[in-house]
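A short write-up of the structure that comes next.
Protein chains: 4
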Amino acid sequence: MKTKVRVAVAGASGYAGEELVRWLLAHPVVEIVVVTSRQHAGKRVSEIFPRFAGHPVAEAISFSEFNAIDLAQAADFVFLAVPHGVAAEFARPLLAAGARVIDLSADFRLRSADTYREFYGADHAAPELLSDAIYGLPELYREKIRPAKLVACPGCYPTSILLPLLPLLRANAIARDSVCITSLSGVTGAGRKVAAEYLFAECNESMRAYGVPKHRHLSEIEQELSLAAKEPITVQFTPHLVPLNRGIITTIYANSLDASVDKIGHILNEAYANEPFVRLLREGELPDTKNIAGTNFADLAFRFDPRTRRVILLSAIDNLAKGTASQAVQCLNLMCDLPETTGLL
Amino acid sequence: MKTKVRVAVAGASGYAGEELVRWLLAHPVVEIVVVTSRQHAGKRVSEIFPRFAGHPVAEAISFSEFNAIDLAQAADFVFLAVPHGVAAEFARPLLAAGARVIDLSADFRLRSADTYREFYGADHAAPELLSDAIYGLPELYREKIRPAKLVACPGCYPTSILLPLLPLLRANAIARDSVCITSLSGVTGAGRKVAAEYLFAECNESMRAYGVPKHRHLSEIEQELSLAAKEPITVQFTPHLVPLNRGIITTIYANSLDASVDKIGHILNEAYANEPFVRLLREGELPDTKNIAGTNFADLAFRFDPRTRRVILLSAIDNLAKGTASQAVQCLNLMCDLPETTGLL
Amino acid sequence: MKTKVRVAVAGASGYAGEELVRWLLAHPVVEIVVVTSRQHAGKRVSEIFPRFAGHPVAEAISFSEFNAIDLAQAADFVFLAVPHGVAAEFARPLLAAGARVIDLSADFRLRSADTYREFYGADHAAPELLSDAIYGLPELYREKIRPAKLVACPGCYPTSILLPLLPLLRANAIARDSVCITSLSGVTGAGRKVAAEYLFAECNESMRAYGVPKHRHLSEIEQELSLAAKEPITVQFTPHLVPLNRGIITTIYANSLDASVDKIGHILNEAYANEPFVRLLREGELPDTKNIAGTNFADLAFRFDPRTRRVILLSAIDNLAKGTASQAVQCLNLMCDLPETTGLL
Amino acid sequence: MKTKVRVAVAGASGYAGEELVRWLLAHPVVEIVVVTSRQHAGKRVSEIFPRFAGHPVAEAISFSEFNAIDLAQAADFVFLAVPHGVAAEFARPLLAAGARVIDLSADFRLRSADTYREFYGADHAAPELLSDAIYGLPELYREKIRPAKLVACPGCYPTSILLPLLPLLRANAIARDSVCITSLSGVTGAGRKVAAEYLFAECNESMRAYGVPKHRHLSEIEQELSLAAKEPITVQFTPHLVPLNRGIITTIYANSLDASVDKIGHILNEAYANEPFVRLLREGELPDTKNIAGTNFADLAFRFDPRTRRVILLSAIDNLAKGTASQAVQCLNLMCDLPETTGLL
């Protein structure tokens, strides 16, 4: 029998952490050895998350306090599901102690500490690590993720935006200053944040835009678009909160540069035909979150509007899965030399 | 005591008709004298719509079959809440018999029978009436609505789009070829259409774009924008279906032409400061459907993004109220020389 | 023009208070003169509750701190929408200063301070007032409410339970020890309580019983049943939390004592045929919260099961309306000698 | 490599069939070889159910018309996910042709054709098969399911009711004539039935009882209770429709016969401590559908009310999983001599 990959999860009390635990418990080659949470320290995982009751690991393991040395000793890989700011503080001693770190927060997504300060309003706690961190979008950085010591999992909105947009940008098929993005997110996107605005009766039968015009995720979206375009790209982005649990729908407008239906289809097909988790929808189909909820899939579609000469790109992902936790597991698989789809299909 | 305004509702079996009946039953100066529905003919209104049980009119009136002569005799105003195509057929004999008609369908919104054919896929049944019909957006055509014989109530999406966009277009504050619109609608927007795609479990925990890239409402949106701009305007528009009952959120992007926060605010304030049903939100606030559900209000906000030099316009309306039924009542009030807010606040 | 009834609302930051303000703003004979909230003191009502934006009173009035002397001077009637415990403390000086008090909390619903302590876990803050308080269920205590100085509005579950059950109990039609009650409530029933368990993603796609087997509302349910039966009555009651905003569905089982469909129908008809806000559904109909949401109606139905000789009673109310705020306004109307339906239909 | 178990699914166009396909596609030892649907014949499975896109089997297999000979030849096991009435017609030739049949409809749940006629309003199409059919509740009939040729999977409500109730009934811990059951179900429980009452806007923000007082599932509930009690048992049962996709919550009242908390706990523990899919909740916990959605678990809890001497039993299952499809797979595992949890954890 193959030795299991030993992993730890730091900060498993939020939705991202709980979802990550869900994927890891179901993973055939992974063994969760430590789970930390200051809030729940001493309590069994199955007690805090009754959905995992009966699972031998969830019954056996109790939350502990974070201790970098212990974690690095017990686990080969440590997932950080703590808030940004904290993640940077935790990563440094973990890396120093030899652990490989997969961070679900925003702390290592940006290459520039200045951009971090601009968008997150605080100095970065471990700026010296930024240059080593790999942006954990496997479809983009697969080969760099494999040997990485520190992987920064992309934000949920950026994942839904970069996947459809990057190939067209790289192919020079769209006008770079014309990109307008609207995203809709389920409420788990806000995390398990106990605030009045996320109470059931404040979100149910409610829709609203927020973070207009400069949502934090713009920083990583524009960073990755600019890297692909080899020049600074600025885009418009408006997220909306919508009353469902899971899922993101993204709709992107861009002026086409000599694009046609065939050409766009060809570009996307070249990029994703062999990707296990990106599905190009059939003609006539449009992304719907119900088709990807609870999965690691990203569903993509596009339209070309001859009236306006614009390309419309549409995508759907599960914000907690391909947008967070299962994408982190996809990175883990790459880092372990496991088949990339292990535990994800 | 003042004589009541006698009204009839043709086709009150759908959501628009039911909502219209709700507003009319509560209207202090209106008396519903006839309600028609082929499907429900012979049944009492309170039986088909148990929410109206106990209301003396809903208990007294039964649905009848449509008969133009009878309706025109019994009522001064006839609302048409029938599907497009049928509305045009009904309107002609009603008008001939002297009734004033308020149509909630799409049949009389367009000035061109050709555009109607292009977007609705059928010849118009009463093209000779198109030139007399008034587009029933009171904030735009108040004075023309007052004496009108035939009012075409705007679509729900167009109402949410034209209100924020028209003033900026008229003021030449935005680039006319740069307008990109995303709308989110609750499921009543699809009407009480018995189709698998609108079943609870197909819509709940689901989000999806539809009608991409050429939704029917584009026809009236572009017509009214072009009239305001005095040149043909083409825009991008993508509606999305979202799991709640009522409400539309619209987010519009446009490149600014020497716009600034102050200037945009001034333009919108000039347009709407005295409008009883358009609310310009305070700084820091963004539209949320829960604040306008069940009301005739349209909530508007805007942002100027200095990074992109774009204006972002945001609006919220109730698709069944300001987007359909209560806006029709607002038109009725104008046509009756009643205070415009009667029965609406 | 008639002088308006001057009212104050103490503690208008929760759902009950907000809903009460909604009903009072729409009331034709009421003028809100003071609204208090420690949390929101100094802010305009329209700022805290953007749905009221544009309403002249909501724009004019700002929240103030509670001061009994000031309130009693400014208003003839003071509504208490503060937590239990606080309400008792507020009521004493208000009554002493001459105000008539309508309390939406649980503080004055029980006649016994001992029962209060048993169910609410604290000594009552003003036990000397319990004997003067009138239980504000108009269908039961209409004549006592009219002159009352202190009215205790019933809880939402009790309203949904007492209305169908009391007539059968009084008529001796059911076995008194056989009553089993199940209720389902929307999430606003929990109030605007900022706790993790009421976050959107914890309630959406979730259902659960709670407060088993001794929910606090049992105290007033059993008190009123016992008073009607002239002997102590004990019942079974289980509330459930269900993912919608507003509404309660109650289903009651009781063994029949020589009951028949005709007899039960006769008893309920005798009790409620002339009640403006209790609707006995037609044969074949069952209560549905969507028919009463936002209204002061209670919809009742019943079935007799010949297989088990049990009566099944079913009811639907809006927990925030007939279950709280509009029922309080119904009491106010009685206390003011206004027609009972003023502002409620 | 082990040979796969070849299965066919007849009638995979509804929610039960789709969910069954979902579980079977993920099953490590099962191979779906045929899927039938008159409505979708000729279309690929991935086309009708886009959530399965990318799965090699869903891409490879197209729906065919039902043909008993072909199915029995291609598959060792045939699941019937067709309406009751049709299932009985399909089962006969399948069994004759040597297939083992797992029926998800109600057709083979009852031992008496008379009871079938009473509750389903039609003569049974294959009454001679009733005596051979095994009621597919593994926790009750595990050993009979293993060799069965024809398994009738229990209804969703009965599964949620029988699991908590049977042990107490067998132990003579409750009064047999005192059982009152209330269940709450998500809307998928109604199947993918295209009817106005199941439209999103008719179910969202709605709750309602239905099927009062004699829902069809009573027939199998009372059959199994009576078999366990060795005398005829009649119970009260009221289902409610609640606005979520998946899940059933059941709350049962019964008068205790010398029961105590310890005794009830002991009885349930004896029954289920070793069951892989029944979870007895910890003290203080109550069932919540969100903990079992998408799983084969049944969560059980109980309370003893010393005030009324009643036992309250509470359960949660996923109506489409343990209530239908995954329970059918659990039966399949037993029939194949596979570990019972294969593909289910």
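Chains as they are written, first to last, in numbering that gives the first Met the number 0: chain A, 0 to 344; chain B, 0 to 344; chain C, 0 to 344; chain D, 0 to 344. Glycine included, C-beta positions come from ideal geometry on N, C-alpha and C. Because the structure is a prediction, the values reported are computed rather than measured.
Taking every protein chain shown into account, the CB of Thr2(B) has fewer than 16 other CB atoms within 10 angstroms, so this residue is exposed. CA-CA distance, Pro153(B) to Tyr115(B), rounds to 14 Å. Runs of the beta strand (DSSP E) spanning 3 or more residues and lying entirely within the region 69-120 of chain B occur at 76-79 and 99-102, in chain order. Neighbours of Thr288(B) across chain D, judged by C-beta separation under 8 Å, do not exist; the nearest C-beta is about 13 Å away.
Closer than 7 Å at the C-beta level to chain A, one finds no residue of the region 8-32 of chain B. The count of Cβ pairs closer than 8 Å, one atom from the region 298-315 of chain C and one from the region 159-178 of chain C, reaches three, so the stretches are in contact.
For Asp298(C), the enclosing beta strand (DSSP E) has its first and last residue at Ala297 to Asp304. If you look at Leu23(B), you'll find it isn't in any beta strand (DSSP E); it sits in the alpha helix (DSSP H) that goes Tyr14 to Leu24.
Residues of the region 193-205 of chain B with a C-beta atom less than 8 Å from some C-beta of chain D are Val193, Ala194, Ala195, Tyr197, Leu198, Phe199, Ala200, Glu201, Cys202, Asn203 and Glu204, listed in chain order. Rounded to whole angstroms, the Cβ separation of His239(D) and Leu331(C) is 33 Å, and the two are not in contact under 8 Å.
According to DSSP, residue pairing for Gln235(B) in a beta bridge involves Cys179(B).
Setting aside the 5 residues that flank it on each side, Glu17(D) is surrounded in the same chain by Ala11 and Phe48, each with a C-beta closer than 7 Å to its C-beta; the list follows chain order. A buried status is given to Gly185(B), since no fewer than 16 other beta-carbon atoms sit within 10 Å of its beta-carbon.
Beta-bridge pairing by DSSP links Arg309(D) to Asn254(D) and Asp304(D). Gln72(A) and Ala98(A) have their C-alpha atoms roughly 8 Å apart. The continuous beta strand (DSSP E) containing Ile31(D) extends over residues Val29 to Thr35.
Looking at Gly264(A), Tyr271(A), Asn295(A) and Lys289(A), the one whose alpha-carbon comes closest to that of Glu282(A) is Gly264(A). Not a single CB atom of chain A sits nearer than 7 Å to the CB of Thr323(C). Looking at the DSSP output, Phe62(B) sits in a beta bridge with Val34(B). In this structure, the CA atom of Glu230(A) is about 25 Å from the CA atom of Asp176(B). Along the region 220-252 of chain A, the positions whose C-beta sits under 8 Å from a C-beta of chain B are Thr233, Val234, Gln235, Thr237, His239, Val241, Pro242, Leu243, Asn244, Arg245, Gly246, Ile248, Thr250 and Tyr252, read in chain order. Within chain A, the C-beta atoms nearer than 9 Å to that of Val211(B) come from Thr250, Leu285, Ala300, Arg302, Asp304, Ile311 and Leu313, in chain order.
Assignment of Tyr134(D) by DSSP, reduced to helix, strand and coil, places it in the strand class. Residues of chain B with a Cβ closer than 7 Å to the Cβ of Ala52(C) are, in chain order, Arg278. In the three-state scheme derived from DSSP, where H, G and I count as helix and E and B as strand, Arg50(A) is classed as helix. Between the beta-carbon of Val29(C) and that of Val6(C) there is about 6 Å, and that keeps the pair under the 8 Å contact cut.
Close partners of Val186(A) in chain C (Cβ separation under 7 Å): Phe199 and Ala200. Taking the C-beta atoms as reference points, Ile316(D) is found no nearer than 7 Å to Ala300(D).
The alpha-carbon separation between Ala228(A) and Glu284(D) amounts to approximately 54 Å.
Proximity of Pro82(B) to chain C, defined by a Cβ-Cβ separation below 7 Å, is not satisfied. Within the region 146-175 of chain C, no residue places its CB atom closer than 9 Å to a CB of chain D. Each residue's CA atom was taken as its position, placing Leu128(A) and Ser61(C) some 51 Å apart.
Residue state for Thr323(A) is assigned as coil, using DSSP reduced to three classes. Taking the C-beta atoms as reference points, Arg108(D) is found no nearer than 7 Å to Ala80(D).
Between the alpha carbons of His216(D) and Leu319(B) lies a gap of roughly 39 Å.
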